[in-house]
Amino acid sequence: MSTGKRNSSTHFKTMAQTEVPQGRNGKHKQIVSTIMTDLDHLEQGSALKVPLAELADSKEKVRSALNRATRKARRTVATASDADNLYIWNSEKP
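Using our numbering, you'd call the opening residue of the sequence shown number 182 and step up by one each time.
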């Protein structure tokens with residue numbers, strides 16, 4: 182039931198509030214969700230090895246997105262990288 186009309190007192194178009202999308206699916210959601218799921222099943226003393234070539238974005242941006250997700254979930258993880266891979270593992274809380 183989108184009106185798409187401009188009200189004379191507003192600068193932008195209006196729409197029904199029920200049609201407003203809820204939540205945010207950022208561009209890193211799929212890789213971060215996959216990593217978080219894999220971390221749930223990771224054995225103590227093991228690390229995930231994510232090939233950098235398989236990342237759609239830079240390792241820094243994926244690391245930042247992962248950091249936001251883990252802080253939101255109140256989880257502690259550690260990361261490292263080399264020229265070819267990003268390594269991620271569950272870490273003990275400091």
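Note that CB positions come from ideal geometry on N, CA and C, so glycine has one too.
Q: On the DSSP bridge assignment, give the partners of Lys-230 in chain order.
A: Tyr-268
**Q.** Exposed unless 16 or more other CB atoms sit within 10 angstroms - verdict on Thr-218
**A.** exposed
Q) Are Leu-229 and Arg-256 closer than 9 Å when you measure CB to CB? A) no
Q | Selected residue, minimal CA-CA separation from Lys-208, among Ser-190, Ala-264, Ser-245 | A | Ser-245
**Q.** Burial state of Val-243, where buried means 16 or more other Cβ atoms lie within 10 Å
**A.** Burial call: buried.
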